[in-house]
Amino acid sequence: FKEEAILFAWDLVTREYGLNPDRLTITVYAEDDDARKIWRKVSGFPDSRIIGIPTSDNFWMMGDTGPCGPCSELFYDYGDRIAGGPPGSADADGDRFTEFWNLVFMQFEQRGPGDRAALPKPSIDTGMGLERIASILQGKTSNYDTDLFQRLIAASSELTRTASNGPHAASHRVVADHLRASSFLIADGVLPSNEGRGYVLRRIMRRAMRHAHMMGAKEPLMHRLVPTLVAEMGQAYGELIRAEALIAETLKQEESRFRTMLERGLRLLDEETAKLGSAKMLAGDVAFKLYDTFGFPLDLTQDALRARGLGVDLEGFQREMARQREEARRAWAGSGEAATDDVWFRLRDEHGATEFLGYEAEKAEGKIVAILVDGKPVERLAAGTSAAILVNQTPFYGESGGQAGDRGAIRKGAALFAVSDTQKKLGALHVHLGTLEKGALAVGDEVELEVDHDSRTQTRANHSATHLLHEALRRTLGAHVAQKGSLVSAERLRFDFSHTKALSLAEMEAIESSVNAVIRDNQEVTTRLMRPDDAIEAGAIALFGENYGDEVRVLSMPSAHDEARPFSVELCGGTHVRRLGDIGLFRIIGESAVAAGVRRIEALTGDAARRFLAEQASRCRVADRQHV
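Residue numbers for the sequence shown follow this note's numbering, so the first one is 17 and each next one is one higher.
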């Protein structure tokens, strides 16, 4: 199985790409005599050009256990004009010899320390670095000198009025590289946030934005480079063209907020470093204040200090982080729920927040990180047992903001866990409640998660209709109307609001008519991430009972009859329809008093509303016949 892979790599590299064999060097794992013999036969190289590497650099393992095997790599020699020696030599860290292809011969299974067995069906994990081969074919020694990067760097240089090859050369490279990564993530549905993949995106963006600041950019820079990126890569990646406006707007908003935070944080950093004198270490509590108060991630602080030859007291930082967690735990204990929720604090500290994928997906894969039976952690779950399952990432929405938790299923092979509800613990953990109907599940299992599509679809429709109802009430009854509570489930919606008297029949008809008119317009629902204060200042309505963090999702629902402003703009973390026509139909089925000055409307949407109207019509027909 090795010979075919080696023949393929050699043929592609030397015949199709036309690389000069004299420029190539091969490495194999020192104990892999088979690979050495095959390379000698295929390439005609002497043993001096086929270098044996005895270390893990040429033996790939996925972990302490699992599939593994020896590697064989291809290196390109740029010549003696570049410093560095061949792989395995004392000068191997130089740039003269660049690895561009790696073959992993997956032929063993590591069962434990000292226990390795041959796989019954060995395989190949093979491939080359696309940008590395591009740089070789273009005669460049760096990916950043290839055509695609150079055009982005040239645009960055022009906008910042700084030379691309001067003191800011590294900053231009960071901006170009991170712009590309950020744009593809946004186009793929990832938006900046404080957890999960959104947090990874935010860190990538902010590192580039700090380098833009270092180059003297006075205004947000990243979004102005998006047209150049789209022009370069949009033909091959059409998602960049489709998402160009979203990418630019997201980058602009994030950089505007970041610049405000950066200026305050850097002032504090300058003040604190000025006090250090001959010391080379920033105090951990100062680094934590930058993180906790100004939103400075630790790695950003380290990055800023590294240029000054300074470091951070990491132990002190971790002590402050642990102290804050303990204070949060004690504060939660004061709510009387300590016994119930202490386990969730431990799980959150150990595994972090659940990454929620449900805005874009109803199916996903994840890894079980905890199973609880009767509130106590267990390692395995047997069929017939009710439990709470925590997964590292999930498409299941956890009950919050008035929206009911999702139902659905968690599967692994023949095992089926029926999810009857999803709860959100500590505002961070999505906990799947249900019963294992068959099979067995264990902590560490890779599982498939699937939300009940019909239930999610109906819940989305009801939640979006709640937003339209809120605005229709304000337009019909007056701006005094404010939400006092809500319930959104797959079956119905309930909305409590401030109003001093019962609604008249004419008012309810006007509200229904207004909501259905917007539904018929079938406009697209848009989402943006904003700071709560900025969103409210821009006209978004904050919902009753919500605790907002540093950033919120802002839902905008337009009407085709009023292009000047959307029909509804609200802060909301729930799931919603993509187009308002997906709601189908809106029907009020009840209006009543809840408390002094608080009224309640209950309503149905979609097929549930249609069935209700059909039943009403049927009763009228029966009554007509009886009257006749």
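Using N, Cα and C, we set each Cβ at its ideal position, and we do this for glycine too.
Rounded straight-line distance, which links the Cα of residue j to that of residue i
| i | j | result |
| --- | --- | --- |
| Ser530 | Val447 | 38 Å |
| Glu353 | Lys441 | Its pLDDT being 48, under 50, Glu353 is placed unreliably in this model, and the coordinates cannot settle the point. |
| Val359 | Arg627 | 44 Å |
| Gln166 | Leu452 | 55 Å |
| Ala355 | Arg364 | Unreliable placement is indicated for Ala355, whose pLDDT of 47 sits below 50; no coordinate value is reported for it. |
| Ser173 | Asp80 | 46 Å |
| Leu119 | Gln439 | 45 Å |
| Arg280 | Val585 | 30 Å |
| Gly606 | Gly417 | 22 Å |
| Leu503 | Ala399 | 33 Å |
| His469 | Tyr413 | 12 Å |
| Gln340 | Phe333 | 11 Å |
| Glu466 | Met249 | 34 Å |
| Asp93 | Leu241 | 34 Å |
| Arg275 | Asn478 | 39 Å |
| Val568 | Asp549 | 10 Å |
| Asn36 | Arg65 | 14 Å |
Simplified DSSP assignment, three categories, for residue i
| i | result |
| --- | --- |
| Leu35 | coil |
| Val459 | coil |
| Tyr92 | strand |
| Ala133 | strand |
| Phe583 | coil |
| Pro243 | helix |
| Ser198 | helix |
| Glu415 | strand |
| Asn118 | strand |
| Gly79 | coil |
| Cys87 | strand |
| Arg641 | helix |
| Phe513 | strand |
| Gly597 | helix |
| Lys156 | coil |
| Gly1 | A question about residue 1 goes unanswered here, because the residues of the chain that appear run from 17 up to 644. |
| Glu248 | helix |
| Met144 | strand |
| Phe24 | helix |
| His483 | helix |
Distance CB(residue i)-CB(residue j) smaller than 8 Å
| i | j | result |
| --- | --- | --- |
| Arg594 | Ala625 | no |
| Thr142 | Ala25 | yes |
| Phe310 | Met277 | yes |
| Pro208 | Leu545 | yes |
| Leu485 | Ala619 | yes |
| Gln123 | Pro138 | yes |
| Ala458 | Arg396 | yes |
| Val407 | Gly368 | no |
| Glu125 | Gly82 | yes |
| Gln539 | Leu596 | yes |
| Pro411 | Glu462 | no |
| Thr266 | Met231 | no |
| Leu245 | Leu195 | yes |
| Leu321 | Leu306 | no |
| Thr162 | Ser180 | no |
| Leu146 | Ser199 | no |
Identity of the residue in the options nearest residue i by Cα
| i | options | result |
| --- | --- | --- |
| Ala259 | Arg508, Gly205, Gly212 and Glu211 | Gly205 |
| Arg219 | Ala203, Ala197, Arg240 and Thr401 | Ala197 |
| Arg39 | Arg52, Ser59 and Gln439 | Ser59 |
| Pro236 | Glu248, Ala179 and Arg222 | Arg222 |
| Ala252 | Glu366, Leu164 and Glu540 | Leu164 |
| Met297 | Arg283, Leu330, Leu601 and Leu316 | Leu330 |
| Asp73 | Arg65, Trp55, Ala46 and Gly95 | Ala46 |
| Phe513 | Glu147, Ala498 and Leu519 | Ala498 |
| Ala420 | Lys268, Ala51, Thr473 and Tyr33 | Thr473 |
| Arg536 | Ala495, Ala481, Lys291 and Leu587 | Ala481 |
| Cys588 | Asp550, Thr543, Ile617 and Glu525 | Thr543 |
Beta-bridge partners of residue i, as assigned by DSSP
| i | result |
| --- | --- |
| Gly110 | Looking at the DSSP assignment, Gly110 forms no beta bridge with any residue, so it has no partner. |
| Gln409 | Glu371 |
| Ile66 | Ile42 |
| Arg569 | Leu545 |
| Ser139 | Met122 |
| Pro313 | Per DSSP, none; premise fails for Pro313. |
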